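Going by our numbering, the sequence shown opens with residue 5, and the numbers climb by one from there.
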Amino acid sequence: MDSIKVFAPATVANVACGFDIFGFAVDSPGDELIVRKSSQPGVRIKAIVGDEGRLPRQAERNTAGIAIQSFLQHIGSEQGIEMILHKKMPLGSGLGSSAASAVAGVFAINELLGRPLKKIDLLPFAMEGERLACGSAHADNVAPSLMGGFVVIRSYNPLDIITIDTPNQLYATIVHPDIEVNTKDARFILKNEVSMKNTITQMGNVAGLIAGLMKPDYDLIGRSMVDVIIEPIRAILIPEFNQVKQAALDAGALGCSISGSGPSMFALSGDPDTARRVGKSMQAAFSAVGIASEAYVSGINQEGPRVIE
Numbered sequence: 005m006d007s008i009k010v011f012a013p014a015t016v017a018n019v020a021c022g023f024d025i026f027g028f029a030v031d032s033p034g035d036e037l038i039v040r041k042s043s044q045p046g047v048r049i050k051a052i053v054g055d056e057g058r059l060p061r062q063a064e065r066n067t068a069g070i071a072i073q074s075f076l077q078h079i080g081s082e083q084g085i086e087m088i089l090h091k092k093m094p095l096g097s098g099l100g101s102s103a104a105s106a107v108a109g110v111f112a113i114n115e116l117l118g119r120p121l122k123k124i125d126l127l128p129f130a131m132e133g134e135r136l137a138c139g140s141a142h143a144d145n146v147a148p149s150l151m152g153g154f155v156v157i158r159s160y161n162p163l164d165i166i167t168i169d170t171p172n173q174l175y176a177t178i179v180h181p182d183i184e185v186n187t188k189d190a191r192f193i194l195k196n197e198v199s200m201k202n203t204i205t206q207m208g209n210v211a212g213l214i215a216g217l218m219k220p221d222y223d224l225i226g227r228s229m230v231d232v233i234i235e236p237i238r239a240i241l242i243p244e245f246n247q248v249k250q251a252a253l254d255a256g257a258l259g260c261s262i263s264g265s266g267p268s269m270f271a272l273s274g275d276p277d278t279a280r281r282v283g284k285s286m287q288a289a290f291s292a293v294g295i296a297s298e299a300y301v302s303g304i305n306q307e308g309p310r311v312i313e
């Protein structure tokens, strides 16, 4: 095999109360990547489509490129690589755009070279893409994009990733307003210290959300989707956040919060019809103040990246 085309999914990180430790994958949107073997050494980006010229074309400055370079260095391969990246999701959206590219890159190169590594062992190379993108090698986007499903990052040292079973009828609604929030800016505004009271409340919600997913108990899932630490601060970056969140709840969502660092917002629902109704209500709330948006409805993607065509 000399060429491969793969898809890697977008993700929702934090999932309300689980800052930097929770994330889940969705069916769409996502990134597509074509990777080809080359007789010339090194990793070269031949083209990037859908980014409006905003992403670096140098492999060492691109999340997919650096993930592939890190992988090749680790396995001691000098195989030359050419790649074409199709960005099929908005940049700076809070949907793990940089993570999807990095996961697509490392998954594609591993498949192309005959799977020398297990899927879970690809995670550190995808995390290098995140380090490049936002200065921190966090895994709450790359882990669910790579592994699929709902993922818990229990520890970074050593890296300990856990996949949690989710109900078959759990659906996510994602609404991406036509505004942009820079991930580094969204991290900069966070406080370095948290009160004991808020920590205890957050820990209860984290435990409740995991229990709700595993039982499953939809009411418990909804009660636990409360973030008293991050959401109150980041909400100021999203116009009409409270109104959009209330619109989702009024339409029947179990809960609603910020996807990653925003500006996308997500909601969870117990069936696809409710999830679609929630999306329309959230979009209407944004539209009422003149903000256009895109909506996506998806089950929890259990597969992660896949080979296409």
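Quick reminder that beta carbons are idealized off the backbone N, C-alpha and C, glycines included. The model shown is predicted, which means the values in this text are computed figures rather than measured ones.
Since residue i is in the alpha helix (DSSP H), which residue starts that stretch and which ends it?
| i | result |
| --- | --- |
| F154 | Per DSSP, F154 belongs to no alpha helix (DSSP H); it is in the beta strand (DSSP E), F154 to Y160. |
| V30 | Here V30 belongs to no alpha helix (DSSP H); instead the beta strand (DSSP E) covers F26 to S42. |
| F270 | Not the alpha helix (DSSP H): F270 falls in the beta strand (DSSP E), residues M269 to S273. |
| I214 | M200 to M218 |
| E235 | E235 to R238 |
| I72 | T67 to I79 |
| A249 | Strictly speaking, residue 249 in this sequence is Lys, with Ala absent from that position. Element bounds for K249: F245 to D254. |
| E134 | L127 to C138 |
| P148 | V146 to M151 |
Under 8 Å by Cβ, that's how I've got residue i and residue j pegged, so tell me the actual separation to the nearest angstrom.
| i | j | result |
| --- | --- | --- |
| A271 | Q287 | About 12 Å; that fails the 8 Å criterion. |
| V107 | L174 | So it is not a contact: roughly 22 Å between Cβ atoms. |
| A71 | A130 | 5 Å |
| V50 | D6 | In the sequence as displayed, the identity of residue 50 is Lys instead of Val. Contact flag wrong, Cβ pair sits at about 15 Å. |
| A63 | Q73 | 6 Å |
| T170 | F192 | Wrong, their Cβ atoms sit about 32 Å apart, outside the cutoff. |
| I242 | G266 | 5 Å |
| R58 | L95 | 6 Å |
Quick one: Cα of residue i to Cα of residue j, how far?
| i | j | result |
| --- | --- | --- |
| R281 | I113 | 39 Å |
| I240 | I25 | 22 Å |
| V110 | S81 | 14 Å |
| I178 | I124 | 27 Å |
| A211 | G274 | 20 Å |
| G308 | S302 | 13 Å |
| L258 | R227 | 8 Å |
| S261 | V232 | 11 Å |
| A215 | P276 | 22 Å |
| I225 | C21 | 11 Å |
| Q247 | P236 | 14 Å |
| S310 | K91 | Just to set this straight, residue 310 is Arg in the shown sequence, not Ser. Going by the C-alpha atoms only, they are around 16 Å apart. |
| E132 | V146 | 10 Å |
| L89 | K122 | 23 Å |
| P101 | P220 | Here residue 101 turns out to be Ser, not Pro, going by the sequence shown. Near 30 Å, if we compare the C-alpha coordinates of P220 and S101. |
| L213 | I304 | 15 Å |
| P148 | E184 | 23 Å |
| G208 | K201 | 11 Å |
| E313 | L127 | 24 Å |
| V156 | V16 | 12 Å |
| F23 | T203 | 12 Å |
| I4 | P13 | Lying before the first or after the last residue shown, residue 4 is absent from the chain, which here runs from 5 to 313. |
| L253 | Y222 | 14 Å |
Take residue i as the anchor and find which of the options has the nearest alpha-carbon.
| i | options | result |
| --- | --- | --- |
| V39 | S101, Q77, L116 and S81 | L116 |
| V198 | V230, A215, I234 and L174 | I234 |
| L99 | P128, G27 and S159 | G27 |
| K284 | P181, L194, K201 and V185 | P181 |
| Q83 | L121, R48, E56 and S261 | R48 |
| E36 | G256, D55 and R158 | D55 |
| H142 | I165, G152, K122 and L121 | I165 |
| V53 | A215, S105 and N161 | S105 |
| M87 | P276, K9 and Y222 | K9 |
| E134 | T170, A68 and S7 | A68 |
| Q206 | A12, I193, P45 and N18 | N18 |
| G34 | R65, Q62 and S97 | S97 |
| R46 | F75, D223, L59 and A103 | Note that residue 46 is Gly in the sequence shown, not Arg. For the residues F75, D223, L59 and A103, the minimum Cα distance to G46 belongs to F75. |
| G256 | K249, F245, S268 and T278 | T278 |
| S159 | D144, L136 and F245 | D144 |
| L4 | N172, R238, Y222 and G152 | The displayed coordinates of the chain run from 5 to 313. Any statement about residue 4 would go beyond what the structure contains. |
| C138 | P120, R119, A103 and Y222 | A103 |
| P120 | V30, F11 and I79 | I79 |
| M218 | M93, N172 and A296 | N172 |
Assuming residue i is part of the beta strand (DSSP E), what are its boundary residues?
| i | result |
| --- | --- |
| K91 | G84 to K92 |
| F11 | S7 to A17 |
| E56 | Counting along the chain, E56 falls outside any beta strand (DSSP E), and DSSP gives it neither H nor E. |
| I165 | L163 to I168 |
| G98 | Where G98 is concerned, there is no enclosing beta strand (DSSP E), given that its DSSP letter is neither H nor E. |
| C21 | Note, C21: premise wrong, no beta strand (DSSP E); not H, not E. |
Report the partner residues of residue i according to the DSSP bridge assignment.
| i | result |
| --- | --- |
| P181 | S297 |
| A176 | L272 and S302 |
| G259 | L272 |
| I49 | M87 |
| R310 | F11 |
Please check if any C-beta of chain C sits within less than 8 Å of the C-beta of residue i.
| i | result |
| --- | --- |
| I242 | Included in the structure is just one protein chain, with no chain C present. |
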